[in-house]
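**Q** First, the structure itself, so that you have it in front of you.
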Amino acid sequence: MRVLFVVDPLAKLSLAGDTSYALMLEAQRRDHEVWTCGVEDLGLEHDDPVADAQLTVVSLASTAAEAFSCEDRTPIPLEAFDLVLMRKDPPVDLTYLHATWLLDLAKPKTLVVNDPSGLRELNEHLAILRFPELIPPTIVTRSPRRLQAFLREQGGAIIVKPVDGFGGLGVFLIRNGDPNTSSLFETATSAGRQWTVAQRYLPDAVRGDKRILLVDGEPIGAVLRVPQDAEARGNLHVGGRAVQTVLDDDDRAIIRAVAPVLAQHGQILVGLDVIGGKLTELNITSPTGVRHIEQLEHRNVAAPILDALERRARARLS
Ligand SMILES: Nc1ncnc2c1ncn2[C@@H]1O[C@H](COP(=O)(O)OP(=O)(O)O)[C@@H](O)[C@H]1O
Ligand SMILES: [Mg+2]
16 MRVLFVVDPL AKLSLAGDTS YALMLEAQRR DHEVWTCGVE DLGLEHDDPV ADAQLTVVSL
76 ASTAAEAFSC EDRTPIPLEA FDLVLMRKDP PVDLTYLHAT WLLDLAKPKT LVVNDPSGLR
136 ELNEHLAILR FPELIPPTIV TRSPRRLQAF LREQGGAIIV KPVDGFGGLG VFLIRNGDPN
196 TSSLFETATS AGRQWTVAQR YLPDAVRGDK RILLVDGEPI GAVLRVPQDA EARGNLHVGG
256 RAVQTVLDDD DRAIIRAVAP VLAQHGQILV GLDVIGGKLT ELNITSPTGV RHIEQLEHRN
316 VAAPILDALE RRARARLS
């Protein structure tokens, strides 16, 4: 197959934990042609989506200079690829949204994963609100006054996070009596000008935030991200420690409920965040975790993903 990865600049990927890199390595191991480009390299010629892309040879290494060897960029229609993997990291900003419109036009011509329309329809922090019985009490508001009331209603500890946040950025734990409370509510809502997601604080977060990787709705692995001492966030980006874990009954119930909605929106490779048996985030833009699970469990986690993608690419052709 010929595979295009739409990614952040290769030089900026932190290879030790990067799932796109793991997928590139596995694709190449299977003799697929790996091509790379950034969202800014996408375009349209009439209604044909094109990319200024580079053929990329990938090696197992710790620096980008050693890991990637790229040919010169060349304009190439997306229909020349069997698979286009949209793996640009959030935020989902205007550039990201524009890119999904361009990628929509590739859909009749090649397999685009995850489905670009679904990437617009589902927001990583808001989509969980479709499953009230699976999530902690959650509201979305611009009102600092509503946040004050929610803090009282939820027993005096809540988390606020930006609607379009990622990697723990802008996530605050707020406890009753914290003298910064009003100021944090003003910051989180830009003094009432933007929405924030407020959620009951789950004390189990100190034990870890479980990332469950799903492919086509089936779990292929999980990793627990345990926050450092005196840190509310478990994200690996901010020093969370990756710890081996297994799925429990709560996790399986969440997967059963969420999988049909993911399928309906064409979201094939997805990362669920689960804290103490409660769903807190649906990661669809560029879910990660593959390399951490591989290192902890000494097995190839990219393989089942490539298997599923190859199956889908073949099914498209037949
Ligand atoms: N309801 C919650 N209770 C306790 N901790 C939370 C809660 N929501 C998020 N966190 C903490 O904040 C981190 C980031 O939150 P998350 O919702 O996954 O947003 P993102 O990863 O997109 O920044 C989590 O890893 C977890 O440690
Ligand atoms: Mg998260």
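Residue numbers (my numbering): 16 to 333.
Idealized CB from N, CA, C, for every residue including glycine.
#1: Mind checking histidine 280: buried by the 16 CB within 10 Å criterion, or exposed?
#2: Aspartate 224 bridges to which residues according to DSSP?
#3: For a test of the three-state rule: what should DSSP assign to phenylalanine 83, helix, strand or coil?
#4: Taking the continuous alpha helix (DSSP H) assigned at valine 273, which residues delimit it?
#5: Along the chain, where does the beta strand (DSSP E) containing glutamate 60 start, and where does it finish?
#6: By alpha-carbon positions, which one of Cys85, Pro106, Ala318, Leu311 ends up nearest to leucine 184?
#7: Of the residues Arg271, Ser198, Val289, which one's Cα is nearest the Cα of alanine 237?
#8: So leucine 38 and leucine 321 are supposed to be a Cβ contact under 8 Å. How far apart are they, rounded?
#9: Buried or exposed: arginine 306, going by 16 or more other Cβ atoms within 10 Å of its Cβ?
#10: Taking just the CA atoms, how far does alanine 220 sit from isoleucine 189?
#11: Should alanine 76 be counted as a contact of ligand 1 given a C-beta to heavy atom distance under 8 Å?
#12: Name the DSSP beta bridge partners of glycine 286, please?
#13: Have a look at phenylalanine 20 and methionine 101 and give me their C-alpha separation to the nearest angstrom.
#14: Rounded to whole angstroms, how far is the Cβ of valine 128 from the Cβ of leucine 166, which I believe are closer than 8 Å?
#15: Under the DSSP definition of a beta bridge, which residues are partnered with valine 258?
#16: Regarding glycine 304 and ligand 2, is the C-beta to nearest heavy atom distance less than 8 Å?
#17: Would DSSP call methionine 16 helix, strand or coil?
#18: For the pair the stretch 317 to 332 and the stretch 251 to 259, tell me if three or more CB-CB distances fall below 8 Å.
#19: In whole angstroms, give me the CA-to-CA distance for valine 178 and glycine 286.
#20: Applying the criterion that 16 or more other CB atoms from any shown protein chain within 10 Å of the CB defines a buried residue, is glutamate 41 buried or exposed?
#21: Grab me the residues of glutamine 69's own chain with a C-beta within less than 8 Å of its C-beta, minus the 5 sequence neighbours each way, in chain order.
**A** Checking against the coordinates, here is how it stands:
#1: As a first step, residue 280 must be located in the sequence shown, where it is residue number 265. By the neighbour-count rule (16 or more Cβ atoms within 10 Å), histidine 280 is buried.
#2: Translated into positions along the sequence shown, residue 224 becomes position 209. Answer by DSSP bridge pairing, in chain order: Arg240.
#3: Stepping through the sequence shown from its first residue, residue 83 is reached at position 68. Strand.
#4: Within the sequence shown, the letter at position 258 stands for residue 273. Looking at the DSSP string, the run of the alpha helix (DSSP H) that includes valine 273 is 264 to 279.
#5: Along the sequence shown, read from residue 1 onward, the residue named residue 60 stands at position 45. Its beta strand (DSSP E) spans residues 57 to 60.
#6: Within the sequence shown, residue 184 is the residue found at index 169, counting from 1. Here the closest residue by C-alpha is Pro106.
#7: Residue mapping note: residue 237 aligns to position 222 of the sequence shown, counting from 1. Ranking the options by Cα distance to alanine 237, first place goes to Val289.
#8: For the purposes of this step, residue 38 is taken as residue 23 along the sequence shown, with counting starting at 1. For the purposes of this step, residue 321 is taken as residue 306 along the sequence shown, with counting starting at 1. Yes, they are in contact, since the Cβ atoms of leucine 38 and leucine 321 sit about 7 Å apart, within 8 Å.
#9: Taking the sequence shown and counting its residues from 1, the one referred to as residue 306 is at position 291. Label assigned to arginine 306: buried.
#10: Numbered from 1 along the sequence shown, position 174 holds the residue referred to as residue 189. Numbered from 1 along the sequence shown, position 205 holds the residue referred to as residue 220. Looking at the two C-alpha atoms, the distance is approximately 14 Å.
#11: Here residue 76 refers to the residue found at position 61 of the sequence shown. Incorrect: alanine 76 has no Cβ contact closer than 8 Å to ligand 1.
#12: Locating residue 286 in the sequence shown gives position 271, counting from the first residue. DSSP, once it has assigned bridges, lists Leu228, Asn298 as partnering glycine 286.
#13: Counting from 1 along the sequence shown, the entry for residue 20 is found at position 5. Counting from 1 along the sequence shown, the entry for residue 101 is found at position 86. The straight-line gap from Cα to Cα measures roughly 6 Å.
#14: Against the sequence shown, residue 128 aligns to sequence position 113. Against the sequence shown, residue 166 aligns to sequence position 151. Their Cβ separation, rounded to whole angstroms, is 40 Å, which puts valine 128 and leucine 166 out of contact at 8 Å.
#15: By one-based count along the sequence shown, residue 258 stands at place 243. DSSP lists Leu239 as partners of valine 258.
#16: Residue numbering aside, residue 304 sits at position 289 when the sequence shown is read from its first letter. No, since every heavy atom of ligand 2 falls outside the 8 Å radius drawn around the Cβ of glycine 304.
#17: The residue labelled residue 16 in the question sits at position 1 within the sequence shown. Note: methionine 16 maps to coil in three-state DSSP.
#18: no
#19: Residue 178 sits at position 163 when you count from the first residue of the sequence shown. Residue 286 sits at position 271 when you count from the first residue of the sequence shown. Cα-Cα distance, rounded: 17 Å.
#20: Your numbering for residue 41 matches position 26 in the sequence shown. By the neighbour-count rule (16 or more Cβ atoms within 10 Å), glutamate 41 is buried.
#21: For the purposes of this step, residue 69 is taken as residue 54 along the sequence shown, with counting starting at 1. Correct list, in chain order: Trp50, Thr51, Cys52, Cys85, Glu86, Asp87, Arg88, Thr89.
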